[in-house]
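Undergrad:
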Amino acid sequence: MRQVGVFFRSHRERTGVINDIFTMKYNPSEIEAKWQKFWKENETFKTSNTSDKPKYYVLDMFPYPSGAGLHVGHPLGYIASDIFARYKRHKGFNVLHPQGYDSFGLPAEQYAIQTGQHPAITTEVNITRYREQLDQIGFSFDWSREIRTSNADYYKHTQWIFIQLFNAWYNKVSDKAEAISTLVALFEQEGNATVQAVCDESIEIFTAAQWNAFSVEEKEQVLLQYRLTYLAETEVNWCPALGTVLANDEIKDGLSERGGHPVIRKKMKQWSMRISAYAERLLEGLNTIDWTESLKESQRNWIGKSVGASVIFNLKESTDTIEVFTTRPDTIFGVSFMTLAPEHDLVRKITTAEQKAEVEAYIEATSKRSERDRMADVKKISGVFTGAYAEHPFTKEPIEIWIGDYVLAGYGTGAVMAVPAGDTRDYAFAKHFGIAIKNIFNQDISEEAFAEKEGFVLENSDFLNGLAYKEASAKAIAAIEALGQGKGKTNYRLRDAVFSRQRYWGEPFPVFYVNGLPKMIDKAYLPILLPEVEKYLPTEDGQPPLGNAHTWAWDTVNNKVVSNDLIDEQTIFPLELNTMPGWAGSSWYWMRYMDPTNEEFIASEEALNYWQNVDLYIGGSEHATGHLLYSRFWNKFLKDMGVAPTEEPFAKLINQGMILGTSAFVYRIEGTNTFISKDMIKDEKVQQLYAYVGLVNNSSELDTEGFKAWRPDYATAEFICNANGKYIVGHEVEKMSKSYYNVVNPDDICQEYGADTLRLYEMFLGPLEQAKPWNTAGISGVFGFLKKLWRLYADDTAVVVVDEEPTKEMYKSLHKTIKKVQEDIEAFSFNTSVSQFMICVNELGQQKCHHRAILEPLAVLVAPYAPHIAEELWSMLGHTETIADQAFPEFKAEYLVEDAKEYPVSFNGKMRFKIELPLDLSVAEIEQIILADERTQAQLQGREPKKLIVVPGKIINIVG
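Numbering (UniProt numbering), first residue to last: 1 to 960.
1) CB-CB under 8 Å to R258, same chain, minus the five flanking residues each way: which ones, in chain order?
2) Do F141 and H97 have their beta-carbon atoms positioned less than 8 Å apart in this structure?
3) Hey, could you find the ends of the alpha helix (DSSP H) H90 is sitting in?
4) Can you round the beta-carbon distance between T158 and A584 to whole angstroms, since I take them to be within the 8 Å contact cut?
5) Write down every uninterrupted run of the beta strand (DSSP E) in the UniProt domain "Aminoacyl-tRNA synthetase class Ia" (34 to 167) whose length is 3 residues or greater and which is fully enclosed by it, in chain order.
6) Closer than 8 Å by C-beta to A715: which residues in its own chain qualify, once you throw out the five before and the five after it? Chain order, please.
7) Considering Cα atoms alone, identify which of A603, T288, T551, Q570 is closest to K652.
8) Among K910, N558, E881, L861, whose alpha-carbon lies nearest the alpha-carbon of E890?
9) Determine, using beta carbons only, whether A418 and T351 come nearer to each other than 8 Å.
10) By how many angstroms is the C-alpha of H550 removed from the C-alpha of W271?
11) For the beta strand (DSSP E) that contains G308, what are its first and last residues?
12) Report yes or no: do the stretch 454 to 465 and the stretch 433 to 443 share at least 3 C-beta pairs separated by less than 8 Å?
13) Taking only beta-carbon atoms, is L814 less than 8 Å away from chain B?
14) Indicate whether S700 and V666 have their beta-carbon atoms separated by less than 8 Å.
15) What does DSSP give as the partner residues of Y811 in its beta bridges?
16) Got a sec? Which residues, its chain only, sit under 6 Å from P952 by beta carbon, not counting five neighbours each side?
17) Kindly list the residues whose CB is nearer than 7 Å to the CB of A85, restricted to its own chain and excluding five residues on each side of it in sequence; keep chain order.
18) List the DSSP bridge partners of M696.
19) Could you have a look at T182 and say whether DSSP puts it in helix, strand or coil?
20) Classify G960: buried if its beta carbon has 16 or more other beta carbons within 10 angstroms, exposed otherwise.
21) Taking C-beta to C-beta, are I661 and V744 nearer than 8 Å?
22) Does the beta-carbon distance from P581 to G506 come in below 8 Å?
23) Give me the Cα-Cα distance between G404 and S367, rounded to the nearest whole angstrom.
24) Under the DSSP definition of a beta bridge, which residues are partnered with A197?
25) Buried or exposed: E43, going by 16 or more other Cβ atoms within 10 Å of its Cβ?
26) Beta-carbon separation of A476 and D615 under 8 Å?
27) Starting from the Cα of D713, find the closest Cα among D683, N673, V693, M736 and give me that residue.
28) So, for G845: in the same chain, excluding its five sequence neighbours on each side, which residues have a beta-carbon less than 8 Å away from its beta-carbon?
29) When burial is assigned at 16 or more other CB atoms within 10 Å of the CB, is V347 buried or exposed?
30) How many Å lie between I929 and Q941 at the Cα?
31) What is the rounded straight-line gap between the Cα of R227 and the Cα of P767?
32) Using 8 Å as the threshold, is the stretch 679 to 694 in touch with the stretch 720 to 728, meaning 3 or more CB pairs across them?
33) Ordered along the chain, which non-local residues of its own chain (more than five positions away) have a Cβ less than 6 Å from that of I363?
34) Assuming I303 and F313 make a contact with CB atoms under 8 Å, what is their CB distance in whole Å?
35) From N27 to I749, what does the alpha carbon distance come to, in whole angstroms?
36) For the beta strand (DSSP E) that R237 lies in, which residues bound it at each end?
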């Protein structure tokens, strides 16, 4: 029996919609505003740290709140994680799904420099805008746990972690970080000769007696060579225009990504993090986590483990030596020349007078190229001979020493022994500069056919002749060690991470200086707040922006920040002028979400032990070798310190693909302000320029008047249109970017179609991990699906749900969908789930299904994807509680079990009709039914069949 009135009435009462004319049409703007308000007021997604339910932690990579706000590409990963978080709630988990902001950074500082506005003000404005956009898309974030890296109550703990790193060293014996006090105890008892630590290369050996006789300053200088964060002269990417050091991923083609300014390499005294100590553990940990193989391989390559030998070459006419690392010590007799990085400390010392000018010019040119460019430019061959020679350790023959920008000072030793017979790049270098090549393999070398030489025996290699790779390598290492000119060694490409930035808008270091040596401020006096400054630029004498602060000195008696005028180097000392990099706050933030209001610790032990680590992490692949490596490093360190409960921070990680925009191009005839339609271009020389996609219709026609009004420099534009009077633009699918004018604002989609349509459409575009183009024209189809879904529950005036028992086909449609959606969500195949919803709703519509037993579970199935409409449908069904807490429907296989089969009935091989028969009939029963059927009788026309073939569940064939 239909039960319409009760739902109609109760829905009006619950929603407060009491109008003279009540309509039940699907109105997403009203529905979504209503349920977003409900979730906020009822704290629907607030999570407890104590629950009998199993825990599940879903996290999105930290967003930086830029002034441009979100475009439709940004929410892709958020929607996917939200679907999974909601699904896990339906499956009975206590789900932590938080959000916050990586709110320190260079963009806000650059805007402050341009406008004079404090970065905190613009950051707050940007965050407010982001929050509005995120809320209107309907995410199930627990906003009570929101964090911001630029808030003092957050960076207080970032400062504390820095202090812990400063007060720690890496013990190779225990294979973990330990308190620096344990190292001091070893020095006091036995000196450092037997200490196995990750430390600087140039450590001088001392006894316990010598250590105990050192002054306090001398001891501090020694400890800096062991600490996990330390001060050292480091090669950095320096951008003079921005006045700061840049990370590799902030540089493109030798220019700063922000502003396009030139970047040079220079040495500066910087704070660094000894991430290299964790190289092996970072490698091993990849075997324990559920990440894509491509992502793991990126990290393996970045860490770059190599097993080989360290070899020392003496210099001719000098007491200096050059150390190289090689993975192929067996090729020692094939060394034809040596190449140093242009920045190598020995270069200027060993360069002869005749070569000095050429070497200096090459060094200057190289300083303007980023390391990333130098590594990527494998085809370019350049270098300069220094005029100096090294000595072969065995033959004592002279070896030319060159410099080349393909060798990097920070990788290995900054020097390579070049073996053209076994390396394509060395071969190309030697051929280019006419250097004689020593062939040590029993095979000709040619540029056309170059092979890995591991399978060939050695020639012209003295005591290694006739040996293959492995045996020769072992013998070569033994001989090198016997000479005292090297040793077997495992090397890593991973370098210590520079941790200083010459910026204002970043975490202040909790560091002051006594006689030039760093001292840590006690935890009790944290946070050290970012000071006010008049200008956000470096000072006139080149100091970082904090050099503009007037109150930036540390009073060690009163333990507070005081005026610089009071510095006396007795009790009041200068504070660090650099700030921490952007990755400081983002390298531990997932722990803070576990207990975001804890004032004493980054999180309580109870919270950390409950949540453990992130179960699902979703974000962009651009962070593969930056954020993800630093985060794993800090997590492992905090595990060593007894803080983090797990070795790895992110158990499962998925990189969402990029949503691409369709850019529009106009064509300006060179030297004019005349634009020619794409289909009219013949021999004209034209400039291809971006046009705002909002000025282009679905037929690729440009609104020329709108184009002229768009930008002042186009106000006088003239147009050469086609015969139809239309200006046709060109298109290209590429990254969605504000600078390409191809950005689609999610606000516009939400206003016109609703957030549920946006969420479903972004999932429907294609597999989560793949890049896919945005096409606004496809949205109307998804919106139409939601309207079809709505009509299963209500017509234009009332709810139409009935309590009648559904048909077998209705149950089948539902349970097919339960099975498919559950499998798809678990496999993160969200696009195929959306397809299944569409199939199900079409089937139920054809079946005229308005049955509660079908529509209630269907609403729960849809809820992770389209939560607003699901909540409204649930409410319309008479429920007062949120759908977010309802159990996920249980799949029952029996509803998919076929109990009948539609057989094709053929006569002499030609199908004449179909008949549905129960599957449990015997062959004899099927034969009896078929022969009695009037259609069979009509075909036979009184004849007896020669043969009746029955294959149960498949075919029936009558041979006449």
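Note that CB positions come from ideal geometry on N, CA and C, so glycine has one too.
TA: Well, looking at it:
1) L106, P107, Q110, L242, E250
2) yes
3) 75 to 90
4) 5 Å
5) 55 to 60, 94 to 96
6) K708, A709
7) T288
8) L861
9) no
10) 23 Å
11) 305 to 315
12) yes
13) Absence of chain B from the displayed structure is noted, only one protein chain being present.
14) no
15) Answer by DSSP bridge pairing: none, since Y811 is not bridged.
16) none
17) V58, V95, H97, S140
18) For the sequence presented, residue 696 should be read as Val rather than Met. According to DSSP, V696 bridges with L702.
19) helix
20) exposed
21) The sequence shown places Gly at residue 661, rather than the Ile named in the question. Yes, the Cβ-Cβ distance between G661 and V744 is below 8 Å.
22) yes
23) 12 Å
24) N171
25) exposed
26) no
27) N673
28) K788, R791, L792
29) buried
30) 17 Å
31) 45 Å
32) yes
33) P342
34) Not really, about 27 Å apart at Cβ, beyond 8 Å.
35) 14 Å
36) Here residue 237 is Asn; the residue named in the question, Arg, does not match the sequence. Where N237 is concerned, the enclosing beta strand (DSSP E) stretches over 229 to 239.
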